[in-house]
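Read through the structure below, which is laid out as structure tokens, and then see the notes.
Chains as they are written, first to last, in the numbering used here: chain Z, 401 to 634; chain A, 401 to 634.
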């Protein structure tokens, strides 16, 4: 029976796909991906392409990011309807997301529109922050500690609260207000417990174990800071 | 060159191992696992065993849980030393953890003792909570929301604070004070945004989409509640 599959592609390295993801990729008839910029393939597609059927159909669609809400909803409605139609025609349809489909992924926009219409199966993926932690041999959270994952696009006071009150912290999307974030980390005496990684698991990955003197022009849009107040960086 | 490998085995289903984990398992000469209770194999070993070398040596060791700190440290020191000796003899040594090695895993006790003595490589794994979210087609966190993962063995006031102040919440280890946790979820009006899963990805997995009337005798020690205040359970 045909299905819509949401597949977590992990952080960028094809070997971090799960066996289940690979088995699922091999079954797909159609894959939806974001329309590539400047004739480059999408990163998600690059990760999975060695496992795709030769005659797979790739449907590149424009996924809205900064549109107004009404326009955005209309575009997602249209893509969701197209996927539902494909599945009803007996096709196995896939949507590939970086990292995990349930953690900060646009897959949600499709899932909520599709899940009551056709059969949907979601395959988890390795998240970027657990991959960074493993690559750096950096234990993120233990025992009774709480783990807090904060996108730094949120309100500053929320970031301050988390930095002051929790032990194990992942700061995502630190690029935009990078200087402010570094100042906060210094202010709360956390520089020695912080690792900054730019472009995790891509070719240009950079790791900064001394974050105090890093400038925003040294890092990419995909940059993350891990903090564990019980793990001093040496 | 020989190494110590910490390998995330994921939540229980062998197909949720990554390709990298499988490739690494095939290289191992020795594996350390917790001493099995009642002559059963450890769950982590069951997940990975189809990928192990035929002549692999399995070293079952007693991993301390409830000892006093001094005794506990001594036991971990001894196991770490044994692993270091094995690696120095040219063996590839593996330690398998459920879920991800950097998220609530005893692997930390070995890693911190070993990483400056021999080469260590850590392979991430699918965490139980992202797997539950995918299995249930339940988006955990989106956009600017913070994701908070709380072991319910922590102080009650911390659990209260998280339930009141964050959108996306994973409550781990809910078994011990289950009744209290359910009361809190009711008190804050969150029952309709909560899913409870017992024994995720094991044979006896149970899912409760209406948590109000669940008793602790219906669930196992491995039970988790996912909450997303923007995802009403239907």
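For each residue, glycine too, the CB sits at the ideal point set by N, CA and C.
*Which bits of chain A does residue 497(Z) rub up against, with CB to CB less than 7 Å?*
Going along chain A, no residue has its Cβ under 7 Å from residue 497(Z), so there is no contact; the nearest lies around 11 Å.
*With 8 Å set as the bound, which would you pick, yes or no: does the beta-carbon of residue 504(Z) sit closer than that to a beta-carbon of chain D?*
Although the question refers to chain D, the structure presented lacks it and instead comprises the protein chains Z and A.
*Contiguous beta strand (DSSP E) assignments of at least 3 residues, all confined to the segment 549-585 of chain A*: 568-572
*Interface residues of chain A around residue 539(Z) at Cβ under 7 Å?*
For residue 539(Z), the neighbours in chain A by C-beta distance under 7 Å run, in chain order, 502, 508, 511.
*asked:* If the criterion is Cβ atoms closer than 8 Å, does the pair residue 458(A) and residue 414(A) meet it?
replied: no
*Start and end of the alpha helix (DSSP H) containing residue 474(Z)?*
469-488
*Under a Cβ-count criterion, where at least 16 other Cβ atoms within 10 Å of its own Cβ denotes burial, should residue 527(Z) be classed as buried or exposed?*
Answer is buried; the Cβ neighbour count reaches 16.
*May I ask you to report which of helix, strand or coil DSSP gives residue 493(Z)?*
strand
_residue 624(Z) beta carbon less than 8 Å from that of residue 571(Z)_ = The answer is yes: Cβ separation under 8 Å.
*Please list, in chain order, all residues of the same chain as residue 490(Z) whose beta carbon is under 6 Å from its beta carbon, the five residues on each side excluded.*
The answer, listed in chain order, is 402.
*Starting from the Cα of residue 454(Z), find the closest Cα among 425(Z), 444(Z), 463(Z), 468(Z) and give me that residue.*
425(Z)
*Got a sec: is the Cβ-Cβ distance from residue 547(Z) to anything in chain A below 8 Å?*
yes
*Name the two residues that bound the continuous beta strand (DSSP E) containing residue 432(Z).*
From DSSP, the beta strand (DSSP E) with residue 432(Z) extends over 430-434.
*Tell me where the alpha helix (DSSP H) around residue 424(Z) begins and ends.*
Element bounds for residue 424(Z): 419-427.
_Simplified DSSP state of residue 590(Z), which is helix, strand or coil_ = coil
_Stretch-stretch touch, CB-based, cutoff 8 Å, three pairs: the segment 541-559 of chain Z with the segment 541-553 of chain A_ = yes
*alpha helix (DSSP H) segment containing residue 535(A), residue limits*: Start and end: 528-535.
*residue 495(A) to residue 631(Z), Cα distance in whole Å?*
Rounded to the nearest angstrom, the two C-alpha atoms are 21 Å apart.
*Cβ of residue 464(A) less than 8 Å from any chain Z Cβ?*
no
*Roughly how far, in whole angstroms, is the beta-carbon of residue 574(A) from the beta-carbon of residue 628(A), given that I think they are within contact range, below 8 Å?*
Not a contact, Cβ separation roughly 16 Å.
*Euclidean distance between Cα positions of residue 538(A) and residue 508(Z)*: 9 Å
_Given this structure, state the Cα-to-Cα distance separating residue 433(A) from residue 612(Z), to the nearest angstrom._
40 Å
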